[in-house]
Structure formats: structure tokens, C-alpha cells
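K.L.:
Numbering (this note's numbering), first residue to last: 305 to 615.
Positions of the beta carbon are idealized from the N, C-alpha and C atoms, including for glycine.
Supplied in C-alpha cells, the structure appears directly below.
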Amino acid sequence: MSEESTTHESRVLFEDKKKHNLDVYALLDHLQESCRLEQEMDVGQRWAKVQVTLPRPDLPLFLWHLCDPHLGSKKTDYQLFKRDYEIVKNTPNFTVVTNGDEVDNFLVGMGRMSSGVYENPISPEQQAKLLRGLFKTLDQDGKLLVFTFGNHNQLSKRAGLKFENTWLADFACPVLNCGGLLTIGYGKQTYRVALSHLYWGNSKLNITNAPKRFMEFEYPEADIALLGHTHNKAVEVFTRAGRVRVAGVGGTYKLFDEHSPQSGLGFRNIGAGGLCLALYPDRKQIVPFYTVEEAYQFYQSISRGKGAISK
Numbered sequence: 305m306s307e308e309s310t311t312h313e314s315r316v317l318f319e320d321k322k323k324h325n326l327d328v329y330a331l332l333d334h335l336q337e338s339c340r341l342e343q344e345m346d347v348g349q350r351w352a353k354v355q356v357t358l359p360r361p362d363l364p365l366f367l368w369h370l371c372d373p374h375l376g377s378k379k380t381d382y383q384l385f386k387r388d389y390e391i392v393k394n395t396p397n398f399t400v401v402t403n404g405d406e407v408d409n410f411l412v413g414m415g416r417m418s419s420g421v422y423e424n425p426i427s428p429e430q431q432a433k434l435l436r437g438l439f440k441t442l443d444q445d446g447k448l449l450v451f452t453f454g455n456h457n458q459l460s461k462r463a464g465l466k467f468e469n470t471w472l473a474d475f476a477c478p479v480l481n482c483g484g485l486l487t488i489g490y491g492k493q494t495y496r497v498a499l500s501h502l503y504w505g506n507s508k509l510n511i512t513n514a515p516k517r518f519m520e521f522e523y524p525e526a527d528i529a530l531l532g533h534t535h536n537k538a539v540e541v542f543t544r545a546g547r548v549r550v551a552g553v554g555g556t557y558k559l560f561d562e563h564s565p566q567s568g569l570g571f572r573n574i575g576a577g578g579l580c581l582a583l584y585p586d587r588k589q590i591v592p593f594y595t596v597e598e599a600y601q602f603y604q605s606i607s608r609g610k611g612a613i614s615k
């Protein structure tokens with residue numbers, strides 16, 4: 305048999321093979337609809353406004369900048385956290401903006417970071433429920449002005465869960481899930497607060513460099529720029545474009561963490577959390593306090609000078 309006839313005889317015909325059909329516009333429409341559905345489901349936003357009415361409208365609004373408590377970790381100073389939380393919860397005119405890493409939230413299957421699981425005596429779910437129990441109370445009392453995001457919070461995305469959509473969707477306060485600008489109306493004044501858990505420009509020697517760059521490149525209209533993440537702490541009052549501004553990095557309540565010194569970042573320079581700002585209602589004035597306790601002592605002194613505290 306010739307080579308030509310062999311080739312012809314072994315030929316196979318597939319009469320019902322399914323043909324490839326690519327409808328690029330149908331795929332684009334499908335993707336567009338997916339985008340729309342996700343945007344409708346997400347609770348995150350970039351800008352938010354809040355008008356605040358307080359029990360003592362003649363006194364400043366005290367703003368606790370809470371970041372990096374890492375609830376759930378054995379390395380957190382819970383005594384310090386509880387002290388500051390109770391002051392804010394029980395004192396008139398004290399409010400809070402929470403700026404990320406509220407939970408430690410370590411998960412298994414994170415490679416070299418999996419060791420953090422052994423520092424968490426309770427599960428990620430229990431940590432999130434603890435957070436809800438603490439901050440839902442502040443939210444219902446009108447003390448919680450905004451949530452942002454944290455890289456530890458977002459570890460939940462490894463399981464396909466956005467932290468804010470899963471645990472914060474029913475909070476009354478807005479969630480700036482990529483950071484953003486919070487406009488606070490209080491008395492006759494308006495204060496614009498730029499918030500993010502982290503931003504580029506971190507410096508161990510000039511700690512407020514990053515929030516100043518955040519204000520410069522993202523929110524030049526802001527009066528205040530606040531960051532977290534680095535576990536350093538500093539606050540600076542400065543003038544930019546003829547206006548007094550404030551830049552701060554909020555420190556941490558995870559004061560017993562071994563990661564920083566073992567990574568060469570030192571231990572003695574970790575900043576204890578609790579940065580607090582007093583915002584005046586009758587004039588544009590921002591007074592920073594390094595700790596919540598200092599702010600509370602100031603509140604007590606001025607409230608006594610102006611009469612009894614309203615409960």
C-alpha cells in the first residue's frame with residue numbers, strides 16, 4: 305500500500321465538534337455588570353461628612369485617633385487599651401476615628417507569616433466579634449465617626465471575605481476602605497480630616513513625613529492628616545499655604561511585639577497608642593494631645609471651669 309493511500313485511509317472526521325465562539329462584547333457586558341453589583345454591595349467609600357452635636361457644645365470635640373490595637377494578639381497592652389476605651393466611651397464630647405489593624409487576624413496558610421497564628425489565642429472570627437462588641441456600642445452612642453482599613457483586617461481577603469463588608473456593613477458610621485477624607489461639622493467650624501492606615505514616605509527620623517506627603521499629594525484641602533501602620537507615634541502642628549495644619553501617626557497598642565526588634569527596627573521607640581485632638585466649635589483651633597489620658601485631664605479642667613458635666 306502506498307504512503308499516499310495510507311494517509312488517506314487514516315483520516316478522521318469530527319462532524320459534531322463544538323466550535324469556538326468568542327463574543328467579546330458579551331464578556332465586557334458581563335464584567336461591567338459584575339463591577340456594578342460589587343460596587344452596590346460594597347460599603348466602602350472615599351469621602352464622608354458628619355455633623356456632630358455633643359452634650360457640651362461649649363467645649364471642644366475630642367477625637368481619639370485609634371490605630372493598631374491588634375485585638376486578639378498576646379502582644380497587645382490590653383490594660384492601656386481598656387483605659388483609653390473607657391475614657392472615650394464614658395466621657396462627654398469624646399469621639400473616635402479608628403484607622404486600621406483593629407484586629408490581629410492572622411490566618412493559616414500565610415507562608416512565613418503563619419507564625420502569627422500562634423500569637424492569637426482566639427480565632428479571626430472571635431476577634432471580629434470582639435471588635436463588633438466594642439465598637440458597635442460606640443457606633444450606637446454616636447461616638448464612632450469613621451472606620452478606615454488595615455492591612456491586618458484585609459488578611460480576611462485570603463478567604464474571599466472583605467473585612468468591612470463582612471463585619472462592618474451594619475454600622476451607622478461610614479467606612480473609608482481605601483482611606484479618604486472625613487469632613488466634621490462641629491459648632492460653627494468645619495474640620496477636614498484625611499485618614500489612611502498607611503501611605504508612602506515613612507521615615508524613622510521624620511515620623512510625620514508620611515502624613516504630610518499624604519496631605520500634599522492626596523488631600524491638600526485637609527486640616528488634619530492621620531496615619532498608622534508603622535507603630536511609631538508623632539504629632540506635628542505646622543503651617544501650609546497660610547493655614548495651620550496637623551499631621552499625626554498614631555502609634556500602637558501592640559507594645560509587646562517581638563517582630564520590630566527582631567527585624568532590626570528597635571523596641572524602645574514603639575509609640576503607645578492614644579493620640580487625641582481637641583477641635584474647637586467657636587474658632588478654627590486644633591490642640592493635639594499625645595495620649596487620651598492627657599486629653600481627659602484637660603477636659604476635666606475646662607469642664608470644671610464651665611460648670612457641671614452634662615451626663
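Please go through the same chain and pick out, in chain order, the residues whose beta-carbon is closer than 7 angstroms to the beta-carbon of E406, but skip the five residues on each side of it.
P.N.:
Looking up residue 406 in the sequence shown gives position 102. P373, L375, L435, G454, N457, listed in sequence order.
K.L.:
How is V354 classed by DSSP in three states: helix, strand or coil?
P.N.:
Taking the first residue of the sequence shown as 1, we reach residue 354 at position 50. Strand.
K.L.:
Helix or strand or just coil, what does DSSP make of G505?
P.N.:
Stepping through the sequence shown from its first residue, residue 505 is reached at position 201. G505 falls in the coil class under three-state DSSP.
K.L.:
Sorted by chain position, which residues of the same chain lie with C-beta nearer than 8 angstroms to A576's C-beta, five sequence neighbours on each side aside?
P.N.:
Translated into positions along the sequence shown, residue 576 becomes position 272. So the qualifying residues of the chain are D381, L384, K537, G555, T556, Y557, L559, T595.
K.L.:
On the criterion of 16 or more Cβ atoms from any shown chain inside 10 Å, does V550 qualify as buried, or is it exposed?
P.N.:
Numbered from its first residue, the sequence shown carries residue 550 at position 246. Buried: at least 16 other Cβ atoms inside 10 Å.
K.L.:
Could you spell out where the beta strand (DSSP E) holding P592 opens and where it closes?
P.N.:
For the purposes of this step, residue 592 is identified with residue 288 of the sequence shown, where counting begins at 1. Counting along the chain, the beta strand (DSSP E) containing P592 begins and ends at 590-593.
K.L.:
Assuming L579 and G546 form a contact by the criterion Cβ under 8 angstroms, report the distance between their Cβ atoms to the nearest whole angstrom.
P.N.:
Locating residue 579 in the sequence shown gives position 275, where the first residue counts as 1. Locating residue 546 in the sequence shown gives position 242, where the first residue counts as 1. Not a contact, Cβ separation roughly 25 angstroms.
K.L.:
Kindly give me the distance between the Cβ atoms of L270 and N397, rounded to whole angstroms, as I take these residues to be in contact under 8 angstroms.
P.N.:
A query on residue 270 cannot be resolved here, the shown segment of the chain reaching from 305 to 615 and no further.
K.L.:
Please give me, in chain order, every unbroken run of the beta strand (DSSP E) with length at least 3 that falls completely inside the stretch 511-536.
P.N.:
The qualifying runs are 528-531.
K.L.:
Relative to the C-alpha of V347, which candidate in G464, T494, L411, C482 has its C-alpha closest?
P.N.:
Counting from one through the sequence shown, the residue named residue 347 turns up at place 43. When only C-alpha atoms are compared, the closest one is C482.
K.L.:
Among P478, G420, L465, S460, whose alpha-carbon lies nearest the alpha-carbon of T402?
P.N.:
Position 98 of the sequence shown, counted from the start, is the residue given in the question as residue 402. Checked all of P478, G420, L465, S460; the closest Cα to T402 is P478.
K.L.:
What residue ranges within the stretch 390-417 form continuous beta strand (DSSP E) runs of no fewer than 3 residues, ordered along the chain?
P.N.:
If we require 3 residues or more, the beta strand (DSSP E) runs fully inside the stretch 390-417 come out as 398-402.
K.L.:
Would you give the residue range spanned by the beta strand (DSSP E) that L581 belongs to?
P.N.:
Start at 1 with the first residue of the sequence shown, and residue 581 comes out as number 277. It spans 580-583 - the beta strand (DSSP E) in which L581 sits, taken as one unbroken run.
K.L.:
Using the C-alpha atoms, what's the distance from G437 back to F521?
P.N.:
Counting from 1 along the sequence shown, the entry for residue 521 is found at position 217. Counting from 1 along the sequence shown, the entry for residue 437 is found at position 133. Those two C-alpha atoms are separated by around 36 angstroms.
K.L.:
So the candidates are T543, V354, F542, E562; which of them puts its Cα closest to the Cα of S491?
P.N.:
Against the sequence shown, residue 491 aligns to sequence position 187. The residue asked about is misnamed: residue 491 is Gly in this sequence, not Ser. Considering only alpha carbons, the answer is V354.
K.L.:
Does the Cβ of L332 have 16 or more other Cβ atoms within 10 Å, making it buried, or fewer, making it exposed?
P.N.:
Taking the sequence shown and counting its residues from 1, one reaches residue 332 at position 28. It is exposed - the Cβ of L332 has fewer than 16 other Cβ atoms within 10 Å.
K.L.:
Going by the C-beta, is A551 closer than 7 angstroms to any heavy atom of the ligand HEM?
P.N.:
Questions concerning the ligand HEM fall outside what the structure shown contains, since it holds no ligand whatsoever.
K.L.:
Rounded to the nearest angstrom, how far is the Cβ of Q343 from that of L480, given a contact under 8 angstroms?
P.N.:
Numbered from 1 along the sequence shown, position 39 holds the residue referred to as residue 343. Numbered from 1 along the sequence shown, position 176 holds the residue referred to as residue 480. Q343 to L480, Cβ: 15 angstroms. No contact.
K.L.:
Is the CB-CB distance between V400 and L442 below 8 angstroms?
P.N.:
Against the sequence shown, residue 400 aligns to sequence position 96. Against the sequence shown, residue 442 aligns to sequence position 138. It is a contact, given that the beta carbons lie within the stated cut-off.
K.L.:
Which term fits G543, buried or exposed, when burial requires 16 or more other beta carbons within 10 angstroms of its beta carbon?
P.N.:
Numbered from its first residue, the sequence shown carries residue 543 at position 239. It should be noted that the sequence gives Thr, not Gly, for residue 543. Exposed.
K.L.:
Quick one: any contact between the stretch 517-531 and the stretch 498-509, if contact means 3 or more CB pairs under 8 angstroms?
P.N.:
Yes: the two stretches touch, three or more of their Cβ pairs being nearer than 8 angstroms.
K.L.:
Check the C-beta distance from F410 over to Y603 and give it rounded, since I have them as a contact under 8 angstroms.
P.N.:
Locating residue 410 in the sequence shown gives position 106, where the first residue counts as 1. Locating residue 603 in the sequence shown gives position 299, where the first residue counts as 1. Not confirmed; about 37 angstroms, so no contact.
K.L.:
Rounded to whole angstroms, what is the Cα-Cα separation between D362 and K516?
P.N.:
Position 58 of the sequence shown holds residue 362. Position 212 of the sequence shown holds residue 516. So the alpha carbons of these two residues sit roughly 31 angstroms apart.
K.L.:
Exposed or buried, which one is W368 when buried takes at least 16 other CB atoms within 10 Å?
P.N.:
Locating residue 368 in the sequence shown gives position 64, where the first residue counts as 1. Flag for W368 reads buried.
K.L.:
Can you tell me the Cα-Cα spacing of I426 and L459, whole angstroms?
P.N.:
In the sequence shown, counting from the first residue as 1, residue 426 sits at position 122. In the sequence shown, counting from the first residue as 1, residue 459 sits at position 155. Their Cα atoms are separated by approximately 16 angstroms.
K.L.:
On the three-state DSSP scale, how would you describe N481?
P.N.:
For the purposes of this step, residue 481 is identified with residue 177 of the sequence shown, where counting begins at 1. Reduced to three states, the DSSP call for N481 is strand.
K.L.:
Going by beta-carbon coordinates alone, are A352 and L486 separated by less than 8 angstroms?
P.N.:
Stepping through the sequence shown from its first residue, residue 352 is reached at position 48. Stepping through the sequence shown from its first residue, residue 486 is reached at position 182. In this structure, L486 lies closer than 8 angstroms to A352 by Cβ.
K.L.:
Buried or exposed for A432, please, with buried defined as at least 16 other CB atoms from any protein chain shown within 10 angstroms of its CB.
P.N.:
Your numbering for residue 432 matches position 128 in the sequence shown. A432 comes out buried.
K.L.:
What residue range does the beta strand (DSSP E) around G262 cover?
P.N.:
In the structure displayed, the chain extends from 305 to 615; residue 262 sits before or after that span and is not available.
K.L.:
In the structure shown, what three-state DSSP assignment does E468 receive?
P.N.:
Translated into positions along the sequence shown, residue 468 becomes position 164. Looking at E468 - three-state DSSP - the assignment turns out to be helix.
K.L.:
For H456, write down the residues that DSSP places opposite it in a beta bridge.
P.N.:
Position 152 of the sequence shown, counting from 1, holds the residue named residue 456. Note: H456 sits in no beta bridge, so no partner.
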